[in-house]
């Protein structure tokens, strides 16, 4: 039927009914027009991205994007109008140095200011790449992996598709698996090159910290001593050159000096045994012997003194035990331990012991002084005279030791908060409040939060 000539439909099966038309779909035995994605209509190249809906689903304008023109009046993106199976590759970037069309029309002979060296690659080598990547329509130029043609390097040469690529780091020793890696993967802590040259210390040491066990290879310097164990062996929290200032501790030990460690154990054990023995001895004596009121008052002070000193012995022994537990790698536990409830409790125990002991010793000295000046009056001392001061000592000591444990902002100056918002894991109270405020505003305005609540 003559009406079917030049209608854009393949009525003959070989497109012979479309040959002698106002535009040539077949020229030099090659197709020179665009086929709609539904496979029915063939359009002139001029009808691509012209704003008119010529295909049923508007596919001739689907992938046009912004049609900015280069200095050579070539579109920034284009459709490949010729390929092996009359199909269209999605938007090829014009003059970006990477041939994406089957006939390389996006790069070679396209009026590019600096025509890519890949235009010199034999066309059969280019076709081999395009056929290999046919399923995804993604040419493998400059992807870091050398392409083998027909199972051999001989036809096109080893790495012909990876020569002089921009924004890539070339491995010192290229292999059949990888020649180069993208610049963004250099010094990222993961080996991209088989020889590891993309993670070499001489190149990355200014911005990376290298884990001692190599798992991962390295982490960003900003992650060192931030409270997170980014290296599997926690070596990023225990660098040789530390930014933390400590008086008694070291990278390996809670108490660095071995003499001090020995003294802690010795004082703790001796104090524990001595105070328990003193308490039992005084209690037995108090119950069995007939003592004067002054002796009873002094024994009361001594009993309470042994209890308060016992608390200090508990502190010394627990600290010594924790020192053994963290021995060899204390730095990786430092922040967590010092901000733990156990450490705070031991601190409170120390304050209570110190304050009560000091007050009781002061009261005993006062009683002895009074007994020198007024011996007859002190010989008949009543129990409230020493019980009430003793209760007062314990009340003051417990208050001073426990008030800082109460959840009140007044006693908080800084917070251990492992996070990715600050470069350090210990932040001030004001910084934490500001961060919390910003997060609250963000979550309150997020539609996801409303759905979850």
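Residue numbers (the UniProt record's numbering): 1 to 453.
Every residue, glycine too, gets a C-beta built ideally from N, C-alpha and C.
From a predicted model like this one, the values you see are computed outputs, not experimental measurements.
8 Å CB neighbourhood of residue 173 in its chain, flanking five on each side removed: 193, 194, 195, 197
Pick from 214, 186, 77, 238 that is closest to residue 207, judged by C-alpha positions: 186
Residues bridged to residue 326 (per DSSP): None, per the DSSP bridge assignment.
Beta-carbon spacing of residue 331, residue 390 below 8 Å: no
Residue burial classification, residue 441 (beta-carbon count within 10 angstroms, cutoff 16): exposed
For residue 140 and residue 129, the rounded distance between their alpha carbons: 7 Å
Per-residue DSSP class, three states only, for residue 352: helix
3 or more residues per run - each beta strand (DSSP E) lying fully within the region 135 to 193: 168 to 170, 180 to 182
Presumed contact (8 Å Cβ cut-off) between residue 204 and residue 218, rounded CB distance: 7 Å
Delimiting residues of the beta strand (DSSP E) encompassing residue 415: 414 to 416
Exposure label - residue 397; buried when at least 16 CB within 10 Å: buried
8 Å Cβ shell around residue 393 - same chain, five flanking residues per side excluded: 304, 355, 356, 359, 360, 363
Distance, residue 414 Cα to residue 114 Cα: 58 Å
Among 103, 241, 183, the one whose alpha carbon lies nearest that of residue 127: 103
Stretch-stretch touch, CB-based, cutoff 8 Å, three pairs: the region 310 to 319 with the region 275 to 288: yes
Helix, strand or coil at residue 288 [DSSP, three-state]: helix
The beta strand (DSSP E) enclosing residue 218, as first and last residue numbers: 218 to 220
Per DSSP, cross-strand counterpart(s) of residue 77: 93
Best match in 272, 298, 292 for proximity to residue 282 [C-alpha to C-alpha]: 298
Sub-8 Å separation of residue 117 and residue 179 beta-carbons: no
Boundaries of the beta strand (DSSP E) in which residue 428 is found, first to last residue: 426 to 428
Which of helix, strand or coil DSSP assigns to residue 315: helix
For residue 209, the first and last residue of its enclosing beta strand (DSSP E): 208 to 210
Range of the contiguous alpha helix (DSSP H) that encloses residue 203: 201 to 204
Sub-8 Å separation of residue 201 and residue 233 beta-carbons: no
CB contact flag (residue 149, residue 125, <8 Å): yes
The region 251 to 267 / the region 330 to 344 touching (three or more Cβ pairs under 8 Å): yes
The alpha helix (DSSP H) enclosing residue 396, as first and last residue numbers: 384 to 402
Same chain, Cβ closer than 6 Å to residue 65, neighbours up to 5 away in sequence not counted: Only weak support is given to the placement of residue 65: the predicted model assigns it a pLDDT of 47, under 50, and the value that follows is read from those uncertain coordinates. Counting only Cβ-Cβ distances below 6 Å, and skipping sequence neighbours, we find 77.
Closest residue to residue 258 among 404, 288, 320, 231 (Cα-Cα distance): 320
Residue environment, residue 167, which counts as buried when at least 16 other CB atoms sit within 10 Å: exposed
Minimum C-alpha distance to residue 142 - residue among 182, 119, 120: 182
Nearest to residue 236 (by Cα), restricted to the options 322, 344, 291, 210: 210
Exposure of residue 248, with buried meaning 16 or more beta-carbon neighbours within 10 Å: exposed
Contacting residues, own chain, Cβ-Cβ under 6 Å from residue 136 (five flanking each side not counted): Note that residue 136 scores 47 on pLDDT, short of 50, meaning its location in the model is unreliable and no value can be drawn from it.
Start and end residues, alpha helix (DSSP H) containing residue 379: 375 to 379
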